[in-house]
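Below is one structure, written out as structure tokens; comments come after it.
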Amino acid sequence: MASILSHPAVPLAIGIAAGPRTVPPALTAVACVASILPDADAIAFWLGVPYDSPLGHRGFTHSLCFAALVALGGALLAARLGAPPATVFAVVFIATASHGVLDALTTGGMGVAFYSPFSNARFFLPWRVIAVSPIGVTPFLSARGARVLRSELAWIWAPAALIALAGLALRRLGRAG
Ligand SMILES: [Zn+2]
Numbered sequence: 015m016a017s018i019l020s021h022p023a024v025p026l027a028i029g030i031a032a033g034p035r036t037v038p039p040a041l042t043a044v045a046c047v048a049s050i051l052p053d054a055d056a057i058a059f060w061l062g063v064p065y066d067s068p069l070g071h072r073g074f075t076h077s078l079c080f081a082a083l084v085a086l087g088g089a090l091l092a093a094r095l096g097a098p099p100a101t102v103f104a105v106v107f108i109a110t111a112s113h114g115v116l117d118a119l120t121t122g123g124m125g126v127a128f129y130s131p132f133s134n135a136r137f138f139l140p141w142r143v144i145a146v147s148p149i150g151v152t153p154f155l156s157a158r159g160a161r162v163l164r165s166e167l168a169w170i171w172a173p174a175a176l177i178a179l180a181g182l183a184l185r186r187l188g189r190a191g
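Residue numbers (our numbering): 15 to 191.
What follows is the structure in structure tokens.
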């Protein structure tokens, strides 16, 4: 995984870029939870499910199918989140699916089963730039943890901040024009 601290960068960037009228704060909050949700499979990992099994780490919960299911669940709550169901679906889908994409950019572990449950083939993207995060929290208090956080600042938070700022600027321009 990229660390659970960094996955929410994607929905936060979307929320800021799109603005609260399009993506209300409640939806951004739900999308942040959705961006971390795939790593619930760490529980299976700790219970001894093998990494390469369909229910192992980076298996089904990291797939596009799982992202669609979570997004559907979110869309059912659309009225409570204050946004149209299609918006909720899109934001939650991107937030959840981005988790697997970020994991597929990391330098370690196994690839991501994007097409689970139809195929358990594991994929990485061609550019593996994010230092892989240790599973768990304590390893963060180490030199490796510092390296992971530096890497995530550069490859996740910096681009996310750029997207957020670009969205803000475009909305300002739109209002001025
Ligand atoms: Zn993960």
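Positions of the beta carbon are idealized from the N, C-alpha and C atoms, including for glycine. Quick caveat, the model's predicted, so the values are computed rather than measured.
Minimum C-alpha distance to G188 - residue among F132, Y129 and G33: On the sequence shown, residue 188 is found 174 positions in, with the first residue counted as 1. For the residues F132, Y129 and G33, the minimum Cα distance to G188 belongs to G33.
task: Mind checking who I108 pairs with in its DSSP beta bridge?
output: Residue numbering aside, residue 108 sits at position 94 when the sequence shown is read from its first letter. I108 pairs with nothing; no bridge assigned.
- prompt: Around the Cβ of W169, are there at least 16 other Cβ atoms within 10 angstroms (buried) or fewer (exposed)?
  reply: By 1-based counting over the sequence shown, the position of residue 169 is 155. Label assigned to W169: buried.
- request: Evaluate S17 with the Cβ neighbour count: other Cβ atoms within 10 Å of its Cβ, from every protein chain shown; 16 or more gives buried, anything less gives exposed.
  value: Mapped onto the sequence shown, residue 17 falls at position 3. By the 10 Å Cβ count, S17 comes out buried.
Cut-off 8 angstroms between Cβ atoms - residues of its own chain near H76, not counting five sequence neighbours on either side: Counting from 1 along the sequence shown, the entry for residue 76 is found at position 62. If we look at H76 and ignore the five residues flanking it on each side, its Cβ neighbours are P52, D55, H113, G114, D117, V126, A127, F128 and S130.
- request: Determine the burial state of P22: buried for a count of at least 16 other Cβ atoms within 10 Å of its Cβ, exposed for fewer.
  value: Within the sequence shown, the letter at position 8 stands for residue 22. With 16 or more other Cβ atoms within 10 Å, it is buried.
field: Burial state of S156 (16 or more Cβ within 10 Å)
entry: The sequence position of residue 156 within the sequence shown is 142, counting from 1. With fewer than 16 Cβ atoms within 10 Å of its Cβ, S156 is classed as exposed.
Within 9 angstroms, strictly: CB atoms of A142 and T120: For the purposes of this step, residue 142 is taken as the residue at position 128 of the sequence shown. For the purposes of this step, residue 120 is taken as the residue at position 106 of the sequence shown. The question names Ala, but residue 142 in the sequence shown is Arg. It is a contact, given that the beta carbons lie within the stated cut-off.
Distance, V146 Cα to G123 Cα: For the purposes of this step, residue 123 is taken as the residue at position 109 of the sequence shown. For the purposes of this step, residue 146 is taken as the residue at position 132 of the sequence shown. Their backbone Cα atoms lie some 7 angstroms apart in a straight line.
message: At a cut-off of 8 angstroms, would you count G114 as near ligand 1, judging by its Cβ distance to the nearest heavy atom?
response: Within the sequence shown, residue 114 is the residue found at index 100, counting from 1. Answer for G114: yes, Cβ within range of ligand 1.
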